[in-house]
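Trainee: Have a look at this one.
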Amino acid sequence: GENVEQHPSTLSVQEGDSAVIKCTYSDSASNYFPWYKQELGKRPQLIIDIRSNVGEKKDQRIAVTLNKTAKHFSLHITETQPEDSAVYFCAATDYGNEKLTFGTGTRLTIIP
Amino acid sequence: DSGVTQTPKHLITATGQRVTLRCSPRSGDLSVYWYQQSLDQGLQFLIQYYNGEERAKGNILERFSAQQFPDLHSELNLSSLELGDSALYFCASSSSGADPGELFFGEGSRLTVL
């Protein structure tokens, strides 16, 4: 089955700086890669996703890049703000298989 | 509000007991997923149902079982509870069949086994 590894497990950045979280996956058939944000005590929520037919996707301060050859994808947050503090999860799955496999999460702390 | 409703929000019980967690998906969503999140842990996939049928199974213990009813709500049954079963159990729903798309999570049911 799919195995998703996520690094780092914790990340602290100064407000205004950029944050990068990286994930690798094992199943070359995977072609859907979402990122979820979970604030303290809250439910996970989708913030951005990418499919295998594109290499990069942006949404305001958030971007995701995908390298299918190397089987890794990354989340980039620019101009970080205090409200970006949360746990971020990457995930992977393939069409026809709705079993999303999540990474172990990255606790991002924005230092004011 | 994601539109996914989970009950109860909190549950405290003793080892060896049995509990049932309930989930109502978003209106129109046919898929229901169950995830377990232990303290400072990731989201462990347990099981998925699509329109009443089991679609995918993860690392779900034999002591755990689930079902999805004709009205599409789902229940997760946890029996012979152990201390290690203490966790936050999330239900999520999606509208998709083959295309995964976005999962909408409920607020979770926090289970404490004493």
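The listed protein sequences derive, respectively, from chains A and B. At position 89 of the first sequence (counting the first as 1) the number is 525 in the numbering used here, and the numbers step up by one without a gap. At position 51 of the second sequence (counting the first as 1) the number is 54 in the numbering used here, and the numbers step up by one without a gap. C-beta: ideal position from N, C-alpha, C; glycine also.
What residues from chain B crowd round THR537 (chain A), counting only those whose CB sits closer than 8 Å?
Mentor: By Cβ distance, chain B contributes PHE48.
Trainee: Along the chain, where does the beta strand (DSSP E) that runs through LYS493 (chain A) open and close?
Mentor: 492-495
Trainee: Is ARG497 (chain A) close to chain B, meaning its C-beta is less than 8 Å from at least one C-beta of that chain?
Mentor: No, no contact with chain B.
Trainee: Confirm the yes/no value for this check: CB of LEU14 (chain B), any heavy atom of the ligand PLP, distance under 7 Å.
Mentor: Summarising the ligand content, the structure contains no ligands, and the ligand PLP is consequently not present.
Trainee: Determine the closest residue to ILE486 (chain A) out of A:LYS507, A:TYR468, A:SER510, A:ILE498, with distance taken between C-alpha atoms.
Mentor: A:TYR468
Trainee: From the beta carbon of THR422 (chain A), is the nearest beta carbon of chain B less than 8 Å away?
Mentor: Nothing can be reported for residue 422 (chain A): it is not among the residues displayed for chain A, which extend from 437 to 548.
Trainee: Can you name the residues of chain A whose CB is closer than 7 Å to the CB of SER5 (chain B)?
Mentor: ARG479
Trainee: Taking 8 Å as the CB-CB cut-off, is PHE525 (chain A) touching chain B?
Mentor: yes
Trainee: How close, in whole Å, do the beta carbons of SER454 (chain A) and LYS507 (chain A) come, if the pair is a contact with beta carbons under 8 Å?
Mentor: At roughly 23 Å, the Cβ-Cβ gap does not stay under 8 Å, so SER454 (chain A) and LYS507 (chain A) are not in contact.
Trainee: Under 6 Å Cβ to Cβ from GLU25 (chain B), same chain only, skipping five residues before and after it: list those, please.
Mentor: Here residue 25 (chain B) is Arg; the residue named in the question, Glu, does not match the sequence. Same-chain partners within the cutoff: THR10, GLU78.
Trainee: Rounded to a whole number of angstroms, what is the C-alpha to C-alpha distance between THR514 (chain A) and GLY452 (chain A)?
Mentor: 7 Å
Trainee: Could you give the first and the last residue of the continuous beta strand (DSSP E) run that contains VAL500 (chain A)?
Mentor: 498-503
Trainee: Please report the distance separating the alpha-carbon of SER82 (chain B) from that of ARG66 (chain B).
Mentor: 5 Å
Trainee: Could one say the Cβ of GLN71 (chain B) lies closer than 8 Å to chain A's Cβ atoms, at least one of them?
Mentor: no
Trainee: Does the distance from the CB of GLY539 (chain A) to the CB of GLN442 (chain A) come in under 8 Å?
Mentor: In contact: GLY539 (chain A) and GLN442 (chain A) (Cβ atoms closer than 8 Å).
Trainee: Give the DSSP-derived three-state secondary structure of LEU511 (chain A) in the structure shown.
Mentor: strand
Trainee: Please work out which residues of its chain come closer than 7 Å, Cβ to Cβ, to LEU86 (chain B), disregarding the five sequence neighbours upstream and downstream, and give them in chain order.
Mentor: Closer than 7 Å at the Cβ level, and outside the excluded window around LEU86 (chain B), lie THR18, VAL116.
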